[in-house]
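Note that the protein sequences, when read in sequence, are chains A and B. For the record, in the first sequence the residue sitting at position 109 is 109 according to my numbering, with numbers rising by one throughout. Residues are numbered in my numbering as their position in the second sequence, beginning at 1, plus a constant of 111.
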Amino acid sequence: TQLLEQSPQFLSIQEGENLTVYCNSSSVFSSLQWYRQEPGEGPVLLVTVVTGGEVKKLKRLTFQFGDARKDSSLHITAAQPGDTGLYLCAVGSGNTGKLIFGQGTTLQVKP
Amino acid sequence: EPEVTQTPSHQVTQMGQEVILRCVPISNHLYFYWYRQILGQKVEFLVSFYNNEISEKSEIFDDQFSVERPDGSNFTLKIRSTKLEDSAMYFCASSEDGRYRDTQYFGPGTRLTVL
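In structure tokens, the structure reads:
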């Protein structure tokens with residue numbers, strides 16, 4: 001069973017600061033997804049990364065897939081209170097579309 | 112922008128009752144899924160569905176659970192005899208076929224409370 005470890009578990013920062021969160025595993029993946037989830041709501045897809053070393057940008061969010069396709073990072077520049085939420089990484093397991101999720105990083109951005 | 116929808120948003124039921132959770136996936140998607148999330152825990156896979164049959168199911172998805180695509184738009188999850196431990200958020204998701212299968216779009220969820 002693939003195990004995804006996300007770090008840190010909790011992060012509380014001031015508005016305007018930069019931050020990086022990580023998603024690590026010992027397994028190799030064909031793709032990796034990042035989601036953001038707010039309390040009581042469904043995960044919202046942010047990005048899919050598929051190529052080792054790939055970097056994708058979504059406004060102030062930068063996603064990187066490790067060269068060996070075992071890990072990924074999410075960097076947020078100049079965080080805003082609206083970035084507050086649970087950030088989840090997920091990977092496919094097998095050929096049926098089953099996604100395995102990490103436990104998430106809870107981000108709080110204080111004004 | 113197309114989105115996955117789910118009804119109801121909140122379902123309260125008595126232990127032992129049957130519940131049906133409903134989902135309308137994104138219209139051109141071919142893979143459909145149910146996940147659940149117990150409060151404070153990880154999102155867990157329940158079942159995947161493709162070409163009108165179950166592709167994979169987890170250990171959680173026992174004989175009390177079933178899924179159906181009764182028409183061209185709806186995808187349902189039935190729990191025949193609910194237990195207290197079935198209380199959770201249930202999410203439906205869908206994705207395209209092929210290389211985009213893992214790029215899954217989730218609905219807003221149904222909060223199931225079993226009393």
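Glycine included, each C-beta is placed from N, C-alpha and C at the ideal position.
Are the C-beta atoms of Arg212(B) and some chain A residue less than 8 angstroms apart?
yes
Is Leu88(A) closer than 8 angstroms to Val154(B) when the C-beta atoms are compared?
yes
Using a Cβ cut-off of 8 angstroms (strictly closer), state whether Pro136(B) contacts chain A.
no
One question on the structure: do Gln117(B) and Arg133(B) come within less than 8 angstroms of each other, judged by their Cβ atoms?
yes
On the premise that Phe65(A) lies in contact with Gly53(A), defined as a C-beta separation below 8 angstroms, what is that separation, rounded to the nearest angstrom?
7 angstroms
Please decide whether Pro8(A) counts as near chain B, where near means a Cβ-Cβ distance under 8 angstroms.
no
Please report the distance separating the alpha-carbon of Gly40(A) from that of Ala204(B).
16 angstroms
Give me the chain B residues within the contact set of Gln33(A), using Cβ-Cβ distance strictly less than 9 angstroms, ordered along the chain.
Asp213, Thr214, Gln215
Inspect the beta-carbon positions of Tyr201(B) and Gly97(A) and report whether they are closer than 8 angstroms.
no
Start-to-end residues for the beta strand (DSSP E) that takes in Gly85(A):
85-92
Using a Cβ cut-off of 8 angstroms, pull out every chain B residue sitting near Leu45(A), in sequence order please.
Thr214, Gln215, Tyr216, Phe217
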